[in-house]
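K.L.:
Let me begin by handing over the structure; questions about it come next.
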Amino acid sequence: MIAYSKKLLPLFSVATLCLLFSCNKEFSSDNYIAYFGGEVVNPKSNYVLFLKNDEIIDTLFLNEKNQFFKQFDSLAPGMYTFKHDPEYQYVYFDKNDSLMVRINPVEFDESIVFCGRGDEKNNFLMELYLKNQEDRSTMFDIFDYDTKKFQATIDASFKKNQNFYSKKKENIKWNDDFDIYANATLQFHHNSKKEIYPIAHKLRTGKIINDSLPKNYYDHRKNIDYNNVNLTNYSPFVRYLTYMMSNVSYSNVNSTNTTTEALEIHLHKLNIADTLFKSAKVKNKILNSVAFSYLLEDQNSENNAQFIKRFNDLSTDKESLEEINKLANSIKLLKVGAELPEVSLLDLNGTKISSKSILKRKSVIFFWTSNASSHITACHKKAIDFQKAYPDYQFIAINIDDNHEEWIQLLKQYKFGVVNEFRAADFDDLKSKWAINKLQRTIIIDQNGTIKNGFVNLFEVNFTNYLK
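Be aware that the sequence shown starts at 552, since it is given in our numbering, and climbs by one per residue.
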């Protein structure tokens, strides 16, 4: 009972502050005071970062009850970010908003609840974000559908979210500035699926459907302000632009040379960005995204040098230039015939082992997370099927989550059998050394324990060609 009371104490404090902050206090027109605070359950560090446009405004340290609180004497209305490494999320402040938030890093996004003045619109944005996340984690199979079925499926999903958005907008009565982000969260998730479909359908089925798409399929592109600086750092916008440029580039590049195809496609993306975006902030953000995508796909050193030269010509962001050039140099270490850099893994008993100890024979390494439920079964099914056809290979699944018990429970639930299961002991270290930036990444090791192909996709139609 005593322990339970102690557990409730910080919650009561936060709840009390929420009640105080919810009061309809009047503020003068020149008063921009705002408050931000909250509680971190199971903190991974002793602070929370508060950012605007990826720049740190303040470091909010936790007290002995793992709470933080800050009065901003003058906080301009707009979208901000709070970050408790390695996770982050958005928070929107209108004039004089006073917001409290509860965070649990174990289930970061799912745990976030706002209270206080300005809470309704932020809780709406989180709820819509989680709806999109759930949809994203289960949508792999829809890219196999024919065009008519695919369109009907995503339209039905969009209509549900649109109704949710419209009802909340009417009830909360948020302003036009906030609606930029609310509408972007709704629209760009839907439009992203439309941009992904032609590429993913070809990748998964081998069929090209570009010519069979309805004439109005891409009409959504006409209504987008590609230079909206308010959205420069907003992930739904950046994610959509990345997908859109990939789709345009794949549709316009018809290379018959597989060695140069990826280079031509990504050079085309750089040139699209240079032409389409007038805002330097937006342009640099997209150039950076294109560079990350390319460097983790094409491992031809001559091609890479040509790409980096063009990227360096176009980007004006010194920090990004340094980061991309550093990544390019790191990827050189993952070339064919090299040893995969050593990382620490955890086995089913929680024992830490070296990756080198399990990579002494032909191996296929793939990755998964509990946050992408359809991918869990899809990637394991692929691995099991491939293992039957190529028994000389061992298939190694690496979970990138940090909750050991949840990982064990999922494995008990799914019972994948022949696949060797491990969990990353330090995903940040693995991500850096193995250059893991997308879930579909697969690494193939040869009989000598060296890299046969470090940058393939388990879902490629011709994946088995890499195993021969």
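Backbone N, C-alpha and C fix where the C-beta goes; we use that ideal spot for every residue, glycine too.
Tell me His-635's beta-bridge partners as DSSP assigns them.
P.N.:
Glu-638
K.L.:
Is Gly-901 helix, strand or coil when you go by DSSP?
P.N.:
coil
K.L.:
Where does Gln-622 sit, in a helix, a strand or coil, going by DSSP?
P.N.:
strand
K.L.:
Taking all protein chains shown into account, decide if Lys-834 is buried (16 or more other Cβ within 10 angstroms of its Cβ) or exposed.
P.N.:
buried
K.L.:
Got a sec, what are the start and stop residues for the beta strand (DSSP E) Thr-920 sits in?
P.N.:
That residue, Thr-920, is in no beta strand (DSSP E); it is neither H nor E in DSSP.
K.L.:
Spatial neighbours of Lys-903 within its chain, please: C-beta separation below 8 Å, excluding the five flanking residues on both sides.
P.N.:
Counting only Cβ-Cβ distances below 8 Å, and skipping sequence neighbours, we find Ser-895, Leu-896, Leu-897, Ala-976.
K.L.:
To the nearest angstrom, how far is the alpha carbon of Tyr-801 from that of Phe-1010?
P.N.:
18 Å
K.L.:
Relative to the C-alpha of Asn-781, which candidate in Tyr-586, Ile-959, Asn-604 has its C-alpha closest?
P.N.:
Asn-604
K.L.:
If you draw a straight line from the C-alpha of Gly-757 to the C-alpha of Asn-798, how long is it?
P.N.:
16 Å
K.L.:
Starting from the C-beta of Val-1012, find all residues in its chain whose C-beta is less than 6 Å away, skip the five residues before and the five after it, and write them out in chain order.
P.N.:
Gly-757
K.L.:
Kindly indicate the opening and closing residues of the alpha helix (DSSP H) around Arg-790.
P.N.:
786 to 803
K.L.:
What do you reckon, are the CB atoms on Phe-828 and Ile-837 nearer than 8 Å?
P.N.:
yes
K.L.:
Kindly provide the ranges of any beta strand (DSSP E) runs that are 3 or more residues long and lie completely inside the stretch 929 to 990, ordered along the chain.
P.N.:
945 to 950, 971 to 975
K.L.:
Below 8 Å, can you find three or more Cβ-Cβ pairs linking the stretch 989 to 996 to the stretch 862 to 871?
P.N.:
no
K.L.:
Taking the Cβ atom as the reference point for each residue, do Leu-821 and Phe-1006 lie within a distance shorter than 8 Å?
P.N.:
no
K.L.:
Closest to Lys-855 by CA distance: which of Lys-753, Tyr-748, Asn-803, Glu-815 is it?
P.N.:
In the sequence under discussion, the amino acid at residue 855 is Asn, which differs from the Lys named in the question. Among Lys-753, Tyr-748, Asn-803, Glu-815, the Cα nearest to that of Asn-855 belongs to Glu-815.
K.L.:
Would you mind listing the alpha helix (DSSP H) stretches within the stretch 637 to 693 that are 4+ residues and don't spill past its ends, in chain order?
P.N.:
659 to 662, 670 to 688
K.L.:
Quick check on this structure: which residue in Asn-726, Gln-618, Gln-738, Asp-697 has the alpha carbon closest to the alpha carbon of Gln-713?
P.N.:
Gln-738
K.L.:
Can the beta-carbon of Ile-775 be found closer than 8 Å to that of Lys-744?
P.N.:
no
K.L.:
So, helix, strand or coil for Ala-554, using DSSP?
P.N.:
Unreliable placement is indicated for Ala-554, whose pLDDT of 35 sits below 50; the coordinate value is still reported in the next sentence. The answer is helix: DSSP assigns Ala-554 an H, G or I state.
K.L.:
Based on the DSSP secondary-structure assignment, which residues constitute the bridge partners of Val-887?
P.N.:
None, per the DSSP bridge assignment.
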